[in-house]
Every structure is written in C-alpha cells, then in structure tokens.
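By the count of this note's numbering, the sequence shown reaches residue 619 at its end, each step adding exactly one.
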Amino acid sequence: MKLRLSPVAEVASGGTAPQIPAPCVDIEAPAGESLSRALWLSGKLRPLPLCGGLGRCGRCRLRFPRDAPLPLPAEEAVFSARELEAGWRMACRRQVPAVPAIGPDSGPGSVLELELPPEDFAAEVDEVSPGNALGAKTGRELALAVDLGTTSVYWRALETDSGAAVALGHFLNPQAGAGADVMSRLAVAREPGGRARLAGLVRDALRRVVDGLHASGNTVVRICLAANTAMTDIFLDRDVEGLCAAPYHAAHAGHETAHLPGLPSVYIPPLPAPFVGGDVSAGLAALLAARTPRPFVLADLGTNGELALVTARGDLLLTSVPLGPALEGIGPECGQLAGPGVVTDFSLTPAGLAAHSPDGAPGSTSGPARGISATGYLSLLALLRQVGLLDASGLFADGRAGFSMPLARKLAAGLQKEHGRMRLHLPRGLWLAAADVEELLKVKAAFALALDALLRAARVPPRELAALCLAGALGEHVRADNLEQLGFVPSGLGSRIRAVGNVSLDGAALLALHPDKGAELARLCAGARLLPLVENPDFYHAYLRHMRFGV
Numbered sequence: 069m070k071l072r073l074s075p076v077a078e079v080a081s082g083g084t085a086p087q088i089p090a091p092c093v094d095i096e097a098p099a100g101e102s103l104s105r106a107l108w109l110s111g112k113l114r115p116l117p118l119c120g121g122l123g124r125c126g127r128c129r130l131r132f133p134r135d136a137p138l139p140l141p142a143e144e145a146v147f148s149a150r151e152l153e154a155g156w157r158m159a160c161r162r163q164v165p166a167v168p169a170i171g172p173d174s175g176p177g178s179v180l181e182l183e184l185p186p187e188d189f190a191a192e193v194d195e196v197s198p199g200n201a202l203g204a205k206t207g208r209e210l211a212l213a214v215d216l217g218t219t220s221v222y223w224r225a226l227e228t229d230s231g232a233a234v235a236l237g238h239f240l241n242p243q244a245g246a247g248a249d250v251m252s253r254l255a256v257a258r259e260p261g262g263r264a265r266l267a268g269l270v271r272d273a274l275r276r277v278v279d280g281l282h283a284s285g286n287t288v289v290r291i292c293l294a295a296n297t298a299m300t301d302i303f304l305d306r307d308v309e310g311l312c313a314a315p316y317h318a319a320h321a322g323h324e325t326a327h328l329p330g331l332p333s334v335y336i337p338p339l340p341a342p343f344v345g346g347d348v349s350a351g352l353a354a355l356l357a358a359r360t361p362r363p364f365v366l367a368d369l370g371t372n373g374e375l376a377l378v379t380a381r382g383d384l385l386l387t388s389v390p391l392g393p394a395l396e397g398i399g400p401e402c403g404q405l406a407g408p409g410v411v412t413d414f415s416l417t418p419a420g421l422a423a424h425s426p427d428g429a430p431g432s433t434s435g436p437a438r439g440i441s442a443t444g445y446l447s448l449l450a451l452l453r454q455v456g457l458l459d460a461s462g463l464f465a466d467g468r469a470g471f472s473m474p475l476a477r478k479l480a481a482g483l484q485k486e487h488g489r490m491r492l493h494l495p496r497g498l499w500l501a502a503a504d505v506e507e508l509l510k511v512k513a514a515f516a517l518a519l520d521a522l523l524r525a526a527r528v529p530p531r532e533l534a535a536l537c538l539a540g541a542l543g544e545h546v547r548a549d550n551l552e553q554l555g556f557v558p559s560g561l562g563s564r565i566r567a568v569g570n571v572s573l574d575g576a577a578l579l580a581l582h583p584d585k586g587a588e589l590a591r592l593c594a595g596a597r598l599l600p601l602v603e604n605p606d607f608y609h610a611y612l613r614h615m616r617f618g619v
C-alpha cells in the first residue's frame, strides 16, 4: 500500500483551501503494519518521540481528508468532536489497510492519502547537523564519542592528540517511532527485518555526522558508542532474544570493536548486564577518573532506570528497573521534552499556581504553553502534596470536608471530570490528569525500590552514601528537595545529590581518546554483582510498598 502524506492545508480567510499544490511524501508499507511505525520508521519524516501505542500523547495525530474510519474511544478522549468530524485520528491505533475500503482509488496499487500537522511534516528528512563547531582548524584526526539514548543521541568530536572538543551536537533518536521505551524497540527488533531497519536508521544518522566532520576537512578515525545493552545490540544488528524474556541474558559482554559499513571502527564499552549497558559503564569510567568520593551511586532516570554502586573498597553492584518514558516527557497528556514554551517549573503565588518556562522568555509565565517537562511535573506534584491537594497515594484529595489552606481551596476549583477522568486545570492552557499522576508515581516507586535494594545489598546506609550522582538533563535541572519530598530518595539524601550531566558521553569521550582504559573498565564490570530486581519473588510486594509519595 502506498501512503501519500502532505501537510494539512491552511484554509484561507474566505473559507477555501489554497490552490498551491502541497509537497507530498510517498511511503510504501505492508498491509497490517502499525500506521505510526510505517510513517515514523520510514526515514522520510522527522523523528517524533511517540508513546509507542499507549494512545495518550496524541503526537501521532493525522487527518484522513476523506472516508475517515469511525473514531475509537481512545481517540474520542484526545480529540474534540469537531476534530473527529474533520477526520483527525491517531496513527498508533490504526493499521495500514490492504486497500482503501471505499472511494474511487480503492483497488490494487491504490493510494491512501493522509495529512499531518505542518509542524510535523517534512518533505525531506533534515540532515543531521554537523553540530556546533568549537574550532576552525582542519586536517585533524578526530575521535567521535556518541551517547545513543532511547530518546536522543548526543555526540562530541575530539582531537585525538590534544583531547580538545572541536564539535558537538545532538538529535532525536530516529528509532523513536517504534516507541519510547526499550521494550517497544525490542518488540520491533524481533519482527522480520525489524532489527536491521532500526539499526539502519541510527547508522545512517551517524554517517551523516561523520560526513559533516569530514566535509570540514577532518578525519574521524574511531568512534566510541555508549548505549544500554538493548540499544547497542540493535545498533550492531545482533541477536536480542536474550533481552526479550526471562531468564534475561546478553549476547556478548561488550568491550569490543565493531567494523560497520560506511563508519570508522566503533568501540563498544563493557556491557555488564542485560539491562545495564555501555552507557553506565562509560559513566563509571568518567566518575572514577574524576575521583568521585566513595561509596557513590550512579543513577540514570531514563526509560530504563540503571543504577551502579561503587563501594568504599571498589566493589561494583548493579541493578536496573523499567521506569517508562514519563520522565522523558512521553506519556503524560501534556508531557514534552524541555524547550521553548515548555513549562519546567511551578511555584505558588497568592493568586494560585504560576507556570514557568526557561530563559525568562516573553510569555514564560503567561500565554499558552506547549507542555510540561519532567522537572515541571515533579515540581508540580511536590507543590500539590505541600498544599494537600494530592494525597500520598497519588489521588486528588476529596475537598468535601474542606481544606485547611485557602490556596488549596482555590486550586481545587480547577478539578473537573472530563471523559470520565479527573483533571486539574493549570495555568497557560495545561492540565494534570489523574492518569499522569499514576504514571509518575510508578516511576517514583520503581526508582526508590531500586535505590533501596542497592543500598541494602551493599550494606551502605543512606547516611553513609558519599554521593548520589544523577545523570542526564533531568539530574542537572531537577530540584533535590522535590525528589526528597516525593520519596524518590531517602530523607536526608537530597543534600548529597550531584548532577553529573551527560556522564555517559563524558565516559565515551574518555574511552575514545584512551582506548587502553577499556580493559581496566572491563575487569571492573566482569566482577560486578548484579541484583535482578524484577525476577525477585518479592518484587511486586516491595514495589507496592513504594507506591506512595514521600515513602
């Protein structure tokens, strides 16, 4: 089936559509394939972080200009009646038909016409930018460090002789159309041709980065790619069956160099466990090189929560737990990655809640917002707990008995039931759904459980932990008191939280510049003790105990 995509036509003031032909993109897709995967894994559209079929984010919206299928309940919860009548549907809930059911184009070789919002449409995929150049010299040999994340890919090019960074950049992972979490990617990788398809998307993106660096007169001689075990094996187009069902096992231990068509040699850091990968081992390399005080924990609050504890005497303990994509801005109804127009913080004022966007830009506290980032949600939940509008179990408090704080009564006036679900209306056209709170509470419960289990196994009381190193953008921007108040970390540990930024990329840069350090890191990882939390018979009971804020 051929899918023909064009941007939604802008309607002129007179009520008629413009006569200028819209650019189109044609995509061939087999009947029965998920429509969202067919579109956003085609390599012909800009990557879009999707919820992987949860049916809540609404990002995969598209319009059937004619003969729209009947709306599904999930679509009725996302779109207005007017939008549904106009043909708006969610691609994640639709399959590629064999032929259009009705219409003059039905029959073999027919075309299904679809429209996308103009901001999501691209007649051609954007070339991956060569990034921000940090130097003007040419003729250099470069090492390329890559942090291949589930949502985003970060890279840094460095001179091999001086170690100086000469360019850096990032882009959305082009595999995002397969879903926001590791298990969604693995599900696609298990399908016939799926693994090669996903591998090709990332390899092509990295080739464009390398080509851009070569075009500036330099030569990339090697790459170090840090990623979790699943993302690594998909990139290498290796067997992933051992990561798809218990008992989990990795196909290899990493600490190897791969030779892939069109790319310089790629060093893969040690992969110490099925769900603790080269991103963590690279991060450990960076922290150990920086002489981080021990005992310390390195924690990544990504879609797959990975935690590593290095004891005072140098022993390594590892664990992982699925966190889901809620803290990546995917899943909550107003969730977005941080950026212009996205609320990253809330505060209480005499007039109620104030929603803040970064950089103090015009409209940063007023006017419509694009959504709410992870730090925005965490600050909001902490404030709602503080005023008593949200109870420890994550439910909106019943205000019939009255609130002790006048401000709580004012905020409670924004509570409404819509489509059978509770929502709290927020400033700037935003809202907090009861289901959003539940998703974030699940993340809290899983992370708190993993951290508690790791400390117990190492016999390190929270008061004796020298540092809790939070990796990634969330670690850099989240307020430690929010994490402590909500119960992500034990009481009193907030003061020892250290934001370490993209420590995975830092470690990849270290290993790219000094390949000899890989052997020492591999020995550390080979002796690691792994705590398989999910396989523990008591996991779900312990998880439920942590399903409360502040505990």
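The C-beta atom is built at its ideal place from N, Cα and C for all residues, glycine as well.
Residue i versus residue j: straight-line alpha-carbon distance, rounded
i, j, result
"G595", "A341", "11 Å"
"G382", "P530", "18 Å"
"H320", "A460", "43 Å"
"G245", "P115", "7 Å"
"L448", "L509", "13 Å"
"S472", "F147", "37 Å"
"A191", "D466", "Reliability of the predicted coordinates at A191 is poor, the pLDDT of 41 falling under 50, and the value obtained from them is presented with this limitation in mind. Approximately 50 Å between the Cα atoms of the pair."
"S415", "L551", "16 Å"
"F464", "Y445", "15 Å"
"E183", "F132", "7 Å"
"D233", "P75", "The amino acid occupying residue 233 in the given sequence is Ala; Asp does not appear at that position. Near 39 Å, if we compare the C-alpha coordinates of P75 and A233."
"P329", "D272", "10 Å"
"S284", "W108", "30 Å"
"V196", "R224", "Below a pLDDT of 50, predicted positions are generally treated as unreliable, and V196, at 47, falls in that range; no measurement from the model is reported."
"G397", "A357", "32 Å"
Residues near residue i by beta carbon distance below 6 Å, same chain, minus five either side
i, result
"V288", "L210, L212, V278, L281, P332"
"G569", "E544"
"R72", "C92, D94, V179, E181"
"T379", "P363, A526"
"V602", "none"
"W499", "R491, H493"
"L452", "L458"
Nearest neighbour of residue i, chosen from the options [CA to CA]
i, options, result
"H487", "A481, A503, L494, L479", "A503"
"L391", "A264, A257, P165, A514", "A514"
"R564", "V365, R265, R72, E507", "V365"
"N372", "R162, R253, P605", "R253"
"E309", "P260, L216, G346, R524", "P260"
"R263", "L236, G231, F471, D307", "D307"
"N296", "H327, A319, V344, L269", "V344"
"H323", "P315, L274, P337", "P337"
"S220", "L538, R208, F239, C537", "F239"
"L266", "A437, S284, G247, R276", "G247"
"T300", "V250, A419, A233, L421", "V250"
"E588", "A353, M473, L500, G540", "A353"
"Y316", "V619, P600, G207, H609", "P600"
"G435", "S425, F617, R258, G444", "S425"
"S230", "R208, P242, D215, G237", "R208"
"A314", "N604, R616, Q454", "N604"
"D574", "G351, P361, E153", "G351"
Neighbourhood of residue i by C-beta, 7 Å cutoff - its chain only, sequence neighbours within 5 removed
i, result
"R613", "none"
"R662", "Nothing about residue 662 can be reported from this structure: the residues present for the chain run from 69 to 619 only."
"L96", "Before going further, note that residue 96 is Glu rather than Leu in the sequence given. For E96, where only same-chain residues beyond five positions count, the Cβ hits under 7 Å are K70."
"A567", "L538, G543, E544"
"G540", "D368, L369, G370, N570"
"G409", "S425, A437, R438"
"D413", "H424, T443, G444, S447"
Own chain, CB closer than 8 Å to residue i, minus 5 neighbours either side, in chain order
i, result
"A580", "A211, L212, A213, L226, R290, I291, C292, Y335"
"R105", "G245, A246, V256"
Residue i at chain D interface by Cβ criterion, 8 Å
i, result
"L494", "Reference to chain D is not applicable here, since this structure consists of a single protein chain."
May I have a chain-ordered list of the alpha helix (DSSP H) segments no shorter than 4 residues that lie completely inside the segment 238-297? Assignment of alpha helix (DSSP H) within the segment 238-297, counting only whole runs of 4 or more residues, yields 250-257, 262-283 in chain order.
Kindly confirm or deny that the segment 386-400 and the segment 594-612 touch, where touching means at least three C-beta pairs closer than 8 Å. Per the Cβ contact rule, the segment 386-400 is in contact with the segment 594-612 (3 or more Cβ pairs under 8 Å).
Can you list the beta strand (DSSP E) stretches of 3 or more residues lying completely in the segment 492-530, in chain order? With a minimum length of 3 residues, the continuous beta strand (DSSP E) runs that stay inside the segment 492-530 are 499-501.
At least 3 beta-carbon pairs within less than 8 Å: the segment 473-481 vs the segment 532-544: Verdict: no, contact absent.
Runs of 4 residues minimum, wholly inside the segment 436-469: which ones carry the alpha helix (DSSP H) assignment? Listed in chain order, the complete alpha helix (DSSP H) runs (minimum 4 residues) inside the segment 436-469 are 442-455.
Looking at C-beta atoms only, is the number of pairs between the segment 136-147 and the segment 159-166 that lie closer than 8 Å three or more? Judged by Cβ distances under 8 Å, the segment 136-147 makes contact with the segment 159-166, as three or more pairs qualify.
Would you check if there are 3 or more beta carbon pairs closer than 8 Å linking the segment 348-368 to the segment 402-416? No, the segment 348-368 does not touch the segment 402-416.
Within the chosen definition, does the segment 519-534 reach the segment 551-563 through at least 3 CB pairs nearer than 8 Å? As far as the Cβ criterion goes, the segment 519-534 touches the segment 551-563, which means the pair count is three or higher.
Below 8 Å, how does it come out for the segment 518-527 and the segment 346-359: are there three or more Cβ pairs, yes or no? No, they do not touch.
Any alpha helix (DSSP H) of 4 or more consecutive residues that is wholly inside the segment 133-173: Runs found: 141-144, 149-153.
Taking the runs of the beta strand (DSSP E) that are 3 residues or longer, which of them lie wholly in the segment 348-427? Listed in chain order, they are 364-368, 372-378, 384-390, 413-417, 420-424.
What beta strand (DSSP E) runs, 3 residues minimum, are completely inside the segment 562-590? Here the runs fully enclosed are 565-569.
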